[in-house]
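Remarks on the structure that follows.
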Amino acid sequence: MKKYIITICCLFVLSISSCKKDFDINVDKTFVEQGRSGGDLGFGGVILQLSPNGKAGILYGGDFFYSGIYERKGNKIIMTEGSKQNEFKIISENELIYEGNRKLILENK
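Written out as structure tokens, the structure reads:
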């Protein structure tokens, strides 16, 4: 019985640890809103840049790039610029969700 309980506990811990999404920023990364490109006329998509040193920048679709910092909290990236905070849900190493339904995809360089 004791071995059974230990086995169940080990499986439980293993299943919880496997739920963590890998998301490391060890090089500069740029995420661009899906379905749009910087060359589009009237581009209104969000562009998010993350650096390994904790600095971030965001373009809301205009021509002014806002600088700030970011931190990871669980499965979210919290970007702070001035008094404003933006929250991005981590879907995978290559995909973030902004404002509930706006998909940002890692730009290939």
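Heads up: the sequence shown begins at 1 in UniProt numbering, then just goes up one per residue. Just so it is clear, CB atoms sit at the ideal spot from N, CA and C, and this is done for glycine as well. All values reported here derive from a predicted model rather than from experimental measurement.
| message | Once DSSP output is grouped into helix, strand and coil, what is the label at isoleucine 6? | response | In the sequence shown, residue 6 corresponds to position 6, counting from 1. If DSSP states are grouped into helix, strand and coil, isoleucine 6 belongs with the helices.
| message | Please report the straight-line C-alpha distance between lysine 89 and glutamate 71, rounded to a whole angstrom. | response | If you number the sequence shown from 1, residue 89 lands on position 89. If you number the sequence shown from 1, residue 71 lands on position 71. Straight-line Cα distance between these residues: approximately 12 angstroms.
| query | With C-beta atoms as the reference, is glutamate 87 less than 8 angstroms away from serine 67? | reply | As a position in the sequence shown, residue 87 is number 87, starting the count at 1. As a position in the sequence shown, residue 67 is number 67, starting the count at 1. Cβ atoms of glutamate 87 and serine 67: not closer than 8 angstroms.
| task | Starting from the C-beta of valine 32, find all residues in its chain whose C-beta is less than 7 angstroms away, skip the five residues before and the five after it, and write them out in chain order. | result | Position 32 of the sequence shown holds residue 32. Excluding the 5 residues flanking it on each side, valine 32 has same chain C-beta neighbours closer than 7 angstroms at Gly45, Ile47, Leu104, Ile105 and Glu107, in chain order.
| field | Span separating the alpha-carbon of threonine 30 from that of serine 83 | value | Here residue 30 refers to the residue found at position 30 of the sequence shown. Here residue 83 refers to the residue found at position 83 of the sequence shown. CA-CA distance, threonine 30 to serine 83, rounds to 22 angstroms.
| task | Work out the CA separation of aspartate 63 and glycine 57 for me, nearest whole Å. | result | As a position in the sequence shown, residue 57 is number 57, starting the count at 1. As a position in the sequence shown, residue 63 is number 63, starting the count at 1. Those two C-alpha atoms are separated by around 13 angstroms.
| Grouping DSSP H, G and I as helix and E and B as strand, with all else coil, what is valine 46? | The residue labelled residue 46 in the question sits at position 46 within the sequence shown. Of the three classes helix, strand and coil, the one that applies to valine 46 here is coil, per DSSP.
| Exposure of isoleucine 8, with buried meaning 16 or more beta-carbon neighbours within 10 Å | The residue given as residue 8 occupies position 8 in the sequence shown. The residue in question, isoleucine 8, is exposed, as its Cβ has fewer than 16 Cβ neighbours within 10 Å.
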